[in-house]
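In what follows, a single structure is set out as structure tokens and then discussed.
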Amino acid sequence: NAGVTQTPKFQVLKTGQSMTLQCAQDMNHNSMYWYRQDPGMGLRLIYYSASEGTTDKGEVPNGYNVSRLNKREFSLRLESAAPSQTSVYFCASSERTGDEQYFGPGTRLTVT
Amino acid sequence: EDQVTQSPEALRLQEGESSSLNCSYTVSGLRGLFWYRQDPGKGPEFLFTLYSAGEEKEKERLKATLTKKESFLHITAPKPEDSATYLCAVQLGNNDMRFGAGTRLTVKP
């Protein structure tokens, strides 16, 4: 039982490049989330998916897109990376929205 | 505007020295308040959920309490392994989750 897994662990991009962060959970959870964590600012919600087939914007969605591929997988895409998107990205899942969330190990992204 | 503020930013304790961490919030439509622990380089780990004022929850040396405007995480007789960043988060009525910036706790042996 791996919980929530994320790939890659580290990534360096040049401004304007695109990439997709992958997330998968094996807990049969309905809801999944993407956060970014910046020093001194705490975790901020980018997008979430309350259930398979639905996605909604969080606090900071600009510059990102998401896909809920199936119940297990939720990906985050940066179409044209900017230095302001340098951050640590966490994926999380929960049984349903409002329940405690279980987090992956994070992806450290640097955009130069 | 929905806000979650944690204090202090950092706290250094001697082993066995009890203390409290504060999480104050100004949000509309609070659905729940969560406490997480985060170790360096790792994702947050769930500790507690509180739903209504007056509610308390305990786990080992940790006890979380909730009022209408703030929550406290009390640490009794801490050990060095309790050193971590403690995060508070509130679930809003629209399913959004707002996190505080965290309190970085260091417990010296």
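From first to last, the protein sequence lines stand for chains A and B. In terms of our numbering, the numbers along the first sequence are unbroken and rise by one, the last being 118. In terms of our numbering, the numbers along the second sequence are unbroken and rise by one, the last being 805. Glycine included, C-beta positions come from ideal geometry on N, C-alpha and C. These figures come from a predicted structure and were not determined experimentally.
For residue j and residue i, believed in contact at Cβ under 8 Å, the rounded distance
| i | j | result |
| --- | --- | --- |
| residue 110 of chain A | residue 94 of chain A | Going by Cβ atoms, the distance from residue 110 of chain A to residue 94 of chain A rounds to 11 Å, so no, they are not a contact pair. |
| residue 20 of chain A | residue 118 of chain A | 6 Å |
Check whether residue i and residue j have beta carbons under 8 Å apart
| i | j | result |
| --- | --- | --- |
| residue 53 of chain A | residue 70 of chain A | yes |
| residue 745 of chain B | residue 106 of chain A | yes |
| residue 732 of chain B | residue 700 of chain B | no |
| residue 781 of chain B | residue 796 of chain B | no |
| residue 30 of chain A | residue 78 of chain A | yes |
| residue 37 of chain A | residue 81 of chain A | no |
Opening and closing residue of the beta strand (DSSP E) in which residue i lies
| i | result |
| --- | --- |
| residue 48 of chain A | 48 to 55 |
| residue 747 of chain B | Counting along the chain, residue 747 of chain B falls outside any beta strand (DSSP E), and DSSP gives it neither H nor E. |
| residue 718 of chain B | 715 to 722 |
| residue 44 of chain A | 37 to 44 |
| residue 734 of chain B | 728 to 734 |
| residue 103 of chain A | No beta strand (DSSP E) holds residue 103 of chain A; DSSP gives it neither H nor E. |
| residue 794 of chain B | 793 to 795 |
| residue 33 of chain A | Residue 33 of chain A -> no beta strand (DSSP E), and no H or E assigned at all. |
| residue 766 of chain B | 766 to 771 |
Same chain, Cβ closer than 7 Å to residue i, neighbours up to 5 away in sequence not counted
| i | result |
| --- | --- |
| residue 715 of chain B | 707, 709, 771 |
| residue 805 of chain B | 711, 776 |
| residue 85 of chain A | 24, 71 |
Cβ neighbours of residue i in the same chain (closer than 8 Å, five flanking residues each side left out)
| i | result |
| --- | --- |
| residue 49 of chain A | 41, 42, 43, 96 |
| residue 787 of chain B | 726, 727, 728, 729, 730, 793 |
| residue 4 of chain A | Beyond the ends of chain A as shown, which are 7 and 118, falls residue 4 of chain A; an answer cannot be given. |
Contact set for residue i: own chain, Cβ-Cβ below 6 Å, skip 5 residues either direction
| i | result |
| --- | --- |
| residue 759 of chain B | 770 |
| residue 18 of chain A | 116 |
| residue 740 of chain B | 732, 734, 783 |
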